[in-house]
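Protein chains: 2
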Amino acid sequence: VLPSHVIRTVGEQLAKLPLNDALLVSCSKGIENYTLLRISEILKETLPDLSDERLVILSGPSHAEEVSRGIPTVLVAASTDYLSSQRVQQLFMGPNLRIYTSHDVVGVELGGSLKNVIAIAAGISDGVGCGDNTKAALMTRGMVEITRLGTALGADPITFAGLSGMGDLFVTCMSRHSRNRYLGRQIGKGRRLKTVLNKMIMVAEGVRTTQATIDLATKHHIVMPITQEVYQVLFEKKDPKAAVHDLMSRSPKAEDWG
Amino acid sequence: VLPSHVIRTVGEQLAKLPLNDALLVSCSKGIENYTLLRISEILKETLPDLSDERLVILSGPSHAEEVSRGIPTVLVAASTDYLSSQRVQQLFMGPNLRIYTSHDVVGVELGGSLKNVIAIAAGISDGVGCGDNTKAALMTRGMVEITRLGTALGADPITFAGLSGMGDLFVTCMSRHSRNRYLGRQIGKGRRLKTVLNKMIMVAEGVRTTQATIDLATKHHIVMPITQEVYQVLFEKKDPKAAVHDLMSRSPKAEDWG
């Protein structure tokens, strides 16, 4: 995860090079605040000559430290052009790295970004002292609302049940190394966002993504109750316990992705 | 999880009572070996007067010990009759128990049963010494093949991304209390199935479910590579490391639920 201005600088530098028909593989996650652009959209803005066919998104459950140690890892490579995603599959696949192709650039990019909001929610649940039942419910229902937003933005809903959605959320919520979950846990214990952020060396991208997700949900009229509670806890000093209570006592619903 | 002969005995006892139009709420999971019936199908066999409309499946991420301690828990109640699932929703909902309704009896029942096979796979991955990346990939791709089988059996594919599928798998794979994951971890460390089962007081239902899932996959011609490897490791003394290797080196594929 890189701040969007770094992505813009990289794009501007790349624009000066003779890229010819080289593929551009994006492994970055996030949504730019205010513009609400995905990384690939930022790259296309800074690289006007880059056609969709030459852009491939590589995403999925992959702690870098594990990849570097040769731990078996499985990713998804998405492009609007099947030949490009297949090219990346062929180039990157090896004994410890398996790649699936996907046509769903929007879904794969959004899955990897939006799940950070749910990772914060899972952390808050732990910090408050809720159990595995609560966390599993937040993760599942969180993915439902992300799927709803993603579908409105043009993604294929089933993509969020795949490696860049569920898969990435699994690894984020299981690992002790996740910055977003750490931040959530501190917030759940009653610390203030500013205090927690001041103590962290690396940025928890999910904080920025929560703001961007709320903006996207408002723009596209999508109901996202878990994201809304995370937002209020992070930015409006809402008591995390009250947030859990409010989620539990919403009106009865059907399990429904529509 | 109860062995199917217990379900049959319960059904036979219930058949002697004047049930009138009472609802029957099943909270049990599993697939009967040989007959390959779901719990609700066993109940209908032993209770011939029970109409589909009076049967409700209650499932989802719910360690009983957490429910009993009042930890916030979210479940799904499925029935072919919306009024029946809504009735269960009204009866069971409270400050710490939230219920969603579903029309997908087949999907909700299968999700809660089949995920135990994937929980064993996740345990084996841990036992072998693989990382969080590997486990997250197995969980995600495991749910893809379960979704494929479930769809062939009449379930709605998206149900497996819900509380009784993904949700229940989350809680099983996060908790240290899961018997299926414990069993998988022991197997992954090189212990033999018989030795591990002899040391366990409670049954790991996933062992039986693995056999039933393989039989269902064969009958319906569904490719289930992870379940197949779990089966070979459990019952055919395949080396768990070789199983991971064989999964990683399958031919390149698209991320695809079809």
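Chains as they are written, first to last, in my numbering: chain D, 767 to 1024; chain U, 767 to 1024. Built from N, CA and C at the ideal position, the CB exists for glycine as well.
- In the DSSP annotation of this structure, Tyr866 of chain D is not part of any alpha helix (DSSP H); the continuous beta strand (DSSP E) holding it starts and ends at Leu863 to Ser868.
- For Ser825 of chain D, the enclosing beta strand (DSSP E) starts and ends at Leu821 to Ser825.
- Around the beta carbon of Asp815 of chain D, a 10 Å sphere encloses fewer than 16 other beta carbons of the protein chains shown; the residue is thus reported as exposed.
- Using a Cβ-Cβ cut-off of 8 angstroms, Pro861 of chain D is close to His1011, Met1014 and Ser1015 of chain U, given in chain order.
- Where Ala983 of chain U is concerned, the enclosing alpha helix (DSSP H) starts and stops at Glu971 to His986.
- When rounded, the separation of the alpha-carbon atoms in Ser817 of chain U and Val854 of chain U is 16 angstroms.
- For the pair Val894 of chain U and Val1010 of chain U, the Cα-to-Cα distance works out to about 9 angstroms.
- In the three-state reduction of the DSSP assignment, Ile890 of chain U falls in the helix class.
- Shown here, Ala1020 of chain D sits in a strand according to DSSP, grouped into three states.
- By the rule that beta-carbons nearer than 7 angstroms mark a contact, Cys896 of chain D touches chain U.
- Ile837 of chain D sits in coil when the DSSP states are folded into three classes, being neither helix nor strand.
- Each residue's CA atom was taken as its position, placing Thr913 of chain U and Ala788 of chain D some 37 angstroms apart.
- U:Ala830 is the residue among U:Ile773, U:Ala830 and U:Thr775 whose C-alpha sits nearest the C-alpha of Val937 of chain U.
- No Cβ-Cβ contact shorter than 7 angstroms links Pro861 of chain D with Asn899 of chain U.
- For Arg864 of chain D, a Cβ of chain U is located within less than 7 angstroms of the residue's own Cβ.
- At a cut-off of 7 angstroms between beta carbons, Phe858 of chain U makes no contact with chain D.
- In the three-state reduction of the DSSP assignment, Ile992 of chain U falls in the helix class.
- Identification of chain U residues near Glu832 of chain D by a Cβ-Cβ cut-off of 7 angstroms yields Gly897, Asp898 and Asn899, ordered along the chain.
- By the criterion of at least three beta-carbon pairs nearer than 8 angstroms, the stretch 923-942 of chain U is in contact with the stretch 920-938 of chain D.
- Annotated three-state conformation of Leu790 of chain U is strand, per DSSP.
- Taken in chain order, the stretch 898-963 of chain U contains no complete beta strand (DSSP E) segment of 3 residues or longer.
- Pro784 of chain D is classed as exposed because its beta carbon has fewer than 16 other beta carbons within 10 Å across all chains shown.
- The three-state secondary structure of Ile773 of chain D, taken from DSSP, is helix.
- Within 8 angstroms of the CB of Ala903 of chain U, the CB atoms of chain D belong to Gly826, Pro827, Pro838, Thr839, Val840, Arg864, Leu929 and Gly933, in sequence order along the chain.
- Using a CB distance below 8 angstroms, the part of the stretch 938-956 of chain D facing chain U consists of Cys939, Met940 and Ser941, ordered along the chain.
- In chain D, no part has a C-beta under 7 angstroms from the C-beta of Pro1006 of chain U; the shortest such distance is about 12 angstroms.
- Of the candidates D:Arg864, D:Thr846 and D:Asp847, D:Arg864 places its Cα closest to the Cα of Ile837 of chain D.
- In the DSSP secondary-structure assignment, Ile797 of chain U is bridged to U:Arg804.
- Within its own chain, the residues whose Cβ lies closer than 8 angstroms to the Cβ of Glu778 of chain U, once the five positions on either side in sequence are excluded, are Thr812, listed in chain order.
- Beta-bridge pairing by DSSP links Gly860 of chain D to D:Leu863.
- Taking the Cβ atoms as the reference, Leu790 of chain U lies roughly 6 angstroms from Arg820 of chain U, within the contact range of under 8 angstroms.
- Inter-residue distance for Val910 of chain U and Gly933 of chain U is about 14 angstroms (C-alpha atoms, whole angstroms).
- The beta carbon of Ile808 of chain U sits closer than 7 angstroms to those of Ser770, Ile773, Arg774, Gly777 and Glu798, all from its chain and outside the five residues before and after it, given in chain order.
- Non-local C-beta neighbours of Arg907 of chain U in its own chain, meaning closer than 7 angstroms and more than five positions away in sequence, comprise Ile992, ordered along the chain.
- Restricting attention to U:Lys1007, U:Tyr800 and U:Tyr848, the CA atom closest to the CA of Lys955 of chain U is found in U:Lys1007.
- Here Glu1002 of chain U is exposed, its C-beta having fewer than 16 other C-beta atoms within 10 Å.
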